[in-house]
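Structure record follows, encoded as structure tokens.
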Ligand code: CP
Ligand code: NVA
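Residue numbers (my numbering): 3 to 303.
So this is what it looks like as structure tokens:
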């Protein structure tokens, strides 16, 4: 069973071929209407369940469109509307869904939910974000970086802000794709210790971004963080905002990325988001292509 659960649980050679296939599939679609089917229909007669226990715009729409372009059908399911949200076990849900559908994508809170789904499902399961990781996002980010700046191997990536789930997948990717990753943020919001050794820390954001090929940030309050922590987090993270002054200290051709949704003028200024180094909407588009490639890989298509 080829689940796509995390970057560090996927063979680096497979990760590379997923990115290359995504780029080829994207190239094939140039000039086509968004809704036009691909020439190749690897998901014909396939049914895909997309389960969301948290809000989503990009993940929801990009998976749905991607399945349809490849000839398959989707059902988008809200966790709260399923029996899953009312006491049915994850294991039972996984076994039931496996009798109906060919692939399951789930966005959930606890990583344990994803892992239990994968353990009991007899169809591939894809991680659409948990409190700990967001691997599909980082596959799209690697693809986007390489489109603009060439191979990411050996490049310097700087993450400014919260050591969160998106950072964790960047840390896993740093090892698999062999790039340097620097974290700059307050000690109270350091990444979890399981990621130690995959990145270095520089508390001064101005020093951290020196020589950076890519500067990345994300929301200061993630979906699983309590809203009561909002003010404290903002106070701790204010000094790590990505703004024009910070970008000016990176390499002149450094890119800026954000997985979105962004809180304009909190973690990043609008001038950077809308500026010439920002590739945020390419990242969003590449979710589509990267995930189509991930689904094909899962299904051996
Ligand atoms: N970046 C991302 O996963 O966006 P959504 O929450 O809109 O899916
Ligand atoms: N870190 C954010 C990412 C959203 C795509 C969150 O988990 O809410």
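We put the CB at the ideal spot given by N, CA and C, even for glycine.
Checklist line | Same chain, Cβ closer than 7 Å to residue 2, neighbours up to 5 away in sequence not counted | finding: Given a span of 3 to 303 for the chain in the structure shown, any question on residue 2 remains unanswerable.
Check: For residue 161, which beta-bridge partners are listed by DSSP?
Finding: 185, 218
Margin query: Any heavy atom of the ligand CP closer than 7 Å to the beta-carbon of residue 293?
Written below: For the ligand CP, not one heavy atom lies less than 7 Å from the Cβ of residue 293.
Notebook entry, point to check: Quick one: Cα of residue 284 to Cα of residue 42, how far?
Noted result: 23 Å
Notebook entry, point to check: Shortest alpha-carbon distance to residue 119 belongs to which of 273, 52, 223?
Noted result: 52
Next item on the list: Tell me where the beta strand (DSSP E) around residue 170 begins and ends.
Entry: Run containing residue 170: none in the beta strand (DSSP E); it sits in the alpha helix (DSSP H), 167-179.
Next item on the list: With a threshold of 7 Å, establish whether the CB of residue 171 neighbours any heavy atom of the ligand CP.
Entry: no
Checklist line | Closest Cα partner of residue 22 within the set 141, 168, 219 | finding: 141
Margin query: If you follow the beta strand (DSSP E) that residue 50 is in, where does it begin and where does it stop?
Written below: 49-54
Checklist line | Helix, strand or coil at residue 203 [DSSP, three-state] | finding: If DSSP states are grouped into helix, strand and coil, residue 203 belongs with the strands.
Margin query: As a quick exercise: from 7, 266, 265, pick the residue whose alpha carbon is nearest that of residue 134.
Written below: 7
Note to self: Rounded to whole angstroms, what is the Cα-Cα separation between residue 95 and residue 136?
What the structure shows: Rounded to the nearest angstrom, the two C-alpha atoms are 22 Å apart.
Next item on the list: Return yes when the Cβ of residue 281 is within less than 8 Å of the Cβ of residue 259, no when it is not.
Entry: yes
Notebook entry, point to check: Any idea if residue 88 is buried or exposed, counting beta-carbon neighbours within 10 angstroms, 16 or more meaning buried?
Noted result: Residue 88 counts as exposed, since fewer than 16 other C-beta atoms from the protein chains shown sit within 10 angstroms of its C-beta.
Check: Taking the alpha-carbon positions, what's the residue 126 to residue 3 distance?
Finding: Each residue's alpha carbon lies about 6 Å from the other.
Next item on the list: Confirm the yes/no value for this check: CB of residue 129, any heavy atom of the ligand NVA, distance under 7 Å.
Entry: No, the Cβ of residue 129 stays beyond 7 Å of every heavy atom of the ligand NVA.
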